[in-house]
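Quick notes on the structure that follows.
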Amino acid sequence: MEFLALNVEIAKGLCITVVGGYRPPSASKDALPSLKHLLAKINYSELVLAGDLNWDWLNPVSDEFKSFCDSINLTQLVNLPTRPNLKCLDKSTLIDLILTNVPHKFSSLGVFCNDLSDHCVVAAVRNTKIPKYKPLIIYKRNLKLFNQQAYHHDLSAVNWKNIDLLPDVELAWTFFETSFMQIVNKHAPLRRHRVKGRENPWFSPELADTMHERNMAWACARKTGASNDWSVFRQLRNKCSSLIKKAKSEYYLSVTTENLNNPQKFWKVIKSLTVSKSSQALPRYILNESGPVFNRIEVLNCFNKHFISSSSLFDSEGADFVKPCTDPPEYTGPPFNFVPFTIQEVHKALKALDHKKSPGPDLIDPYFLKLAADFVAEPLTILFNLTVETKEIPSIWKSAFVLPLLKGGDPAILANYRPISNLSVLCKILESLVSEQLKYFLFSNSILSKYQSGFRKKHSTVTAAMKVINDIIVALDKKQYCASLFIDLSKAFDTVDHGVLKIRLLRSGLSEQAVDWFSNYLSNRTQCIKYEGLCCECVTVHRGVPQGSILGPLLFIIYINNLGLNVPDANMHFYADDTVIYCCESTLDQAIESLQKAFGAVQQSLLKLKLVLNSDKTKLMLFSNCKKMPHTIPTVSTLEGNNIEVVHEYKYLGVLIDDSLTFKPHVENLVKKLRLKLGFYFRNKLCFSFEVKKRLVAATFLSVLDYGDLFYMNASAQCLRMIDTVYHSSLRFITNCKTMTHHCELYSRVGWPALTIRRRIHWYTFIYKALLGL
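Now the structure itself:
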């Protein structure tokens with residue numbers, strides 16, 4: 001016999017064990033003992049056993065099985081033959097069974113014929129109440145009585161210059177934080193709020209009454225079964241559907257049109273239309289080494305421990321011995337030193353704050369900080385300069401609230417999440433000021449590798465991908481073979497070694513004082529997971545740069561800046577940690593050989609940097625003008641001897657590259673994504689006016705369509721027609737035109753050009769910027 005058992009947790013205290021089974025007709029007598037053994041091993045309170053068990057419930061031959069079911073209090077719910085014999089009804093059998101130990105909780109059962117099998121489909125309805133979840137408790141500041149003039153008056157009454165008398169950073173920070181938060185708490189105290197669920201602003205009392213009538217009619221029809229009662233129910237059901245559709249369309253049509261020139265409110269309304277679950281929502285349970293974990297605090301602790309342990313990948317997977325970094329200095333000029341920050345710089349940074357962002361561990365809200373910019377710019381300038389002088393940062397600024405963000409895959413698996421840090425807002429202002437000075441030093445002295453496109457002005461993912469693809473096309477035009485290796489690093493940002501980073505900063509031209517400041521910035525950092533009012537234990541972070549910070553990406557670029565040095569006979573390009581190596585030679589064997597040498601050199605550099613190669617996600621792709629590649633393709637292997645998988649397509653910086661450079665897979669994937677958006681558009685087309693539709697499509701549809709259009713602009717006519725089709729569908733959504741309306745009419749009504757013209761404009765703009773260095 002074959003069995004599959006699982007526990008279905010519907011609500012707290014309600015868990016149903018569902019067992020699916022199949023017993024072949026030729027099964028031996030050991031089937032029943034096997035079933036007994038299985039059920040004895042399962043710990044259950046409520047059991048449902050269903051499947052094609054081939055024990056005919058209508059035949060006395062199955063009396064032994066019936067006796068077993070009675071002994072463990074199982075009741076068989078199906079009462080009609082499930083394998084009917086139309087020629088001889090007496091030979092019909094009931095072998096598809098549903099057994100349960102709580103038959104009183106099942107209200108109805110059905111046996112349905114179908115054309116796919118000679119077995120009928122059986123189904124049962126299990127009654128249960130809709131589980132009620134506890135309301136979310138959040139704390140928000142009460143702005144009902146907030147008076148900006150009174151707030152400014154109290155800020156002006158504080159003698160902020162006293163902060164200059166405090167030589168210790170922690171004391172200076174405590175003075176500022178205490179003085180500022182006392183005023184904020186006075187004018188906008190924290191209040192406890194219960195969030196019960198999603199509100200429907202279009203819901204009306206009339207609609208509520210109609211829905212109540214519909215529910216009463218449904219209950220009456222179920223009770224009596226009379227055709228007249230069912231007719232009344234259907235009429236009320238249709239009336240409810242019409243009223244809901246009308247109420248939603250009228251509300252959203254009014255609100256979106258009214259807020260068309262208010263982007264913040266406009267997109268808030270559009271977002272409320274979607275019913276998809278937030279990507280930031282954590283699962284109800286996670287899978288740990290010991291099994292599933294349901295307790296919310298334990299779930300948060302598991303996430304935190306996982307993120308901390310992922311930073312020590314090199315200890316478990318790295319080489320036993322790594323030679324110290326002995327590369328020569330990359331810059332020998334005057335070293336980088338911090339220039340004192342000015343009040344004007346700090347004031348500008350305060351005014352540029354996004355007031356919608358949530359506060360970090362210091363609990364200072366950006367909204368109130370932005371309003372207080374004229375009063376706190378000077379004391380904050382003193383505090384920021386004091387951190388540079390003392391090479392010390394307030395400890396609370398080195399704490400982070402970490403939010404697990406699902407990358408994809410099973411939400412219950414910890415490895416499918418990456419951490420995003422929510423840092424103190426004042427620390428982010430300090431980081432932005434430091435970042436500007438450091439970037440100016442790095443770029444003005446040409447210290448960063450010319451092959452690094454990440455987080456640099458005049459560079460983007462498009463320019464990086466264009467460089468790689470263009471080099472490959474040039475090689476193919478010369479009748480060469482090109483072997484490309486797309487390298488993936490495991491937890492690259494989280495595994496940065498602080499000791500190695502300090503050496504890298506010194507070799508990049510930073511002074512000892514500046515490096516000491518960065519060392520303090522990275523040392524003794526702590527993090528915890530905070531979610532829905534719950535918070536786990538804080539854990540010290542010994543490695544990595546904080547994701548979500550401003551300095552983190554810049555420090556990582558400096559960390560891997562020399563990764564492309566001493567790589568023989570190969571081209572390389574980087575976008576942060578996305579690395580590609582490609583070698584172009586006259587023969588495939590030569591290209592693979594050159595790539596293997598380059599890959600070996602890169603792996604040695606990774607060992608020095610204590611970064612871990614993810615050989616499973618590192619892929620090899622071969623490009624050639626030949627119609628047929630050799631049957632036996634030489635392989636590229638890691639230092640451990642693992643062969644790298646050869647693929648025919650790879651997603652690089654958002655562009656799906658195929659080995660023939662047709663970009664057909666990219667176009668197909670793009671069309672699939674755009675069709676999902678079209679489905680949302682047309683489902684809610686009555687909720688938007690013409691101008692709202694145009695704004696919506698331009699922001700959420702054309703932005704996806706435009707990305708990477710320079711790569712596939714010379715694709716086959718068939719591919720381009722696929723994109724034109726979805727583009728024309730979006731125009732029909734805007735104009736409410738029928739399917740047979742000619743596309744020229746659609747262009748005219750919306751005022752947008754054809755995609756061929758649009759791509760040509762993008763190409764001209766790209767060339768113009770490249771020629772002028774913009």
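Terminal number for the sequence shown in full-length UniProt numbering: 774, no gaps in between. In this text, a Cβ means the ideal position worked out from N, Cα and C, and glycines have one as well. Here the structure is a predicted model, which is why all the values come from computation and not from measurement.
Within a Cβ cutoff of 6 Å, which residues of the same chain sit near residue i, ignoring the five residues on either side of it in sequence?
i    : result
V541 : R525, Q527
E317 : The predicted position of E317 is uncertain, since its pLDDT is 46 and thus under 50; no value can be drawn from it.
V402 : P419, S421, Q527, I529
P366 : L353, H355, K357, V425
G110 : A123
H187 : F146, Y151
C220 : D229
I364 : V425
What are the boundary residues of the alpha helix (DSSP H) that includes residue i?
i           : result
residue 780 : The requested residue 780 does not occur in the structure, where the chain is confined to residues 1 to 774.
T540        : Taken as a continuous stretch (DSSP letters only), T540 belongs to no alpha helix (DSSP H), being part of the beta strand (DSSP E) at 539-541.
D154        : 148-156
I503        : 498-507
D70         : 63-71
Q182        : 169-187
Q344        : 343-351
Could you give the C-beta distance for residue i and residue j, rounded to a whole number, given that I count them as a contact under 8 Å?
i    : j    : result
S490 : N566 : So it is not a contact: roughly 23 Å between Cβ atoms.
F556 : V612 : That pair is no contact at about 14 Å.
P283 : P135 : Actually they are not in contact, since the Cβ atoms of P283 and P135 sit about 20 Å apart, beyond 8 Å.
L656 : P665 : 5 Å
K105 : N79  : The Cβ separation is near 17 Å, so there is no contact.
Is it right to say residue i is buried, meaning 16 or more other beta carbons lie within 10 angstroms of its own, or is it exposed?
i           : result
Y764        : exposed
G454        : buried
N54         : buried
M621        : buried
C583        : buried
D578        : buried
G21         : buried
G13         : exposed
C719        : buried
K277        : Any reading at K277 must be qualified, since the residue scores a pLDDT of 48, below 50, and its modelled position is unreliable; no value is offered.
residue 775 : Since the first residue shown for the chain is 1 and the last is 774, residue 775 is missing from the structure and cannot be characterised.
F518        : buried
I270        : buried
G408        : exposed
Skipping 5 residues on each side, what residues in its chain have a beta carbon closer than 8 Å to that of residue i?
i    : result
K140 : L190, R191, H193
L207 : C240, L243, I244, A247
D589 : P634
T274 : F680
I413 : I286, L287
I163 : A172, F175, F176, P379, I382, L383
T739 : R732
D118 : R83
K305 : V539
Which stretch, first to last residue, makes up the beta strand (DSSP E) that contains residue i?
i    : result
V667 : Unbroken run through V667 is the alpha helix (DSSP H), 664-683; no beta strand (DSSP E).
E691 : Not the beta strand (DSSP E): E691 falls in the alpha helix (DSSP H), residues 690-700.
H193 : 190-195
S290 : From DSSP, S290 is part of no beta strand (DSSP E); its letter is neither H nor E.
I137 : 136-141
Y518 : Residue identity differs from the one stated: residue 518 is Phe in this sequence, not Tyr. Counting along the chain, F518 falls outside any beta strand (DSSP E), though it belongs to the alpha helix (DSSP H) covering 512-522.
L49  : 46-52
Cutting at 7 Å between CB atoms, please list the residues of its own chain near residue i, excluding the five before and the five after it.
i    : result
D320 : Residue placement at D320 is poorly supported in this model, since its pLDDT is 40, which falls under 50; the coordinates still yield a value, given next. Within the same chain, D320 has no close Cβ partners at all.
N520 : K391, E392, I393
Q596 : V636
K323 : Interpretation of K323 is limited by its pLDDT of 46, a score under 50 that renders its predicted location unreliable; the figure taken from the coordinates is listed afterwards. Counting only Cβ-Cβ distances below 7 Å, and skipping sequence neighbours, we find K608.
I550 : K428, E431, S432, S435
I447 : E330, Y331, S508, G509
L260 : F266, E691, V692, R695
Taking 9 Å as the CB-CB limit, is residue i close to chain C?
i    : result
S594 : In the structure shown, chain C cannot be found, because there is only a single protein chain.
For residue i, is the beta carbon positioned less than 8 Å from some heavy atom of the ligand HEM?
i    : result
C584 : Ligands displayed in this structure: none; no statement on the ligand HEM is therefore possible.
**Study point:** Inside the stretch 547-607 only - alpha helix (DSSP H) runs reaching at least 4 residues
**Key:** Runs of alpha helix (DSSP H) with 4 or more residues, each lying fully within the stretch 547-607, are found at 551-559, listed in chain order.
Exercise for review: Ignoring anything shorter than 3 residues or poking outside the stretch 75-128, list the beta strand (DSSP E) runs there in chain order.
Suggested key: 96-100, 106-112, 121-126
Point to revise | 3 or more residues per run - each beta strand (DSSP E) lying fully within the stretch 194-272 | key: Restricted to the stretch 194-272, not a single beta strand (DSSP E) segment is unbroken, complete and at least 3 residues in length.
Exercise for review: For the stretch 358-433, list the beta strand (DSSP E) runs that are entirely contained and at least 3 residues long, ordered along the chain.
Suggested key: Within the stretch 358-433, the beta strand (DSSP E) runs of at least 3 residues that lie entirely inside it are, in chain order, 399-406, 417-422.
Point to revise | Residue ranges of each alpha helix (DSSP H) within the stretch 732-756, 4 or longer | key: 743-750
Review point. Of all the alpha helix (DSSP H) runs that stay within the bounds of the stretch 8-42, which reach a length of 4 or more residues?
Key: 31-41
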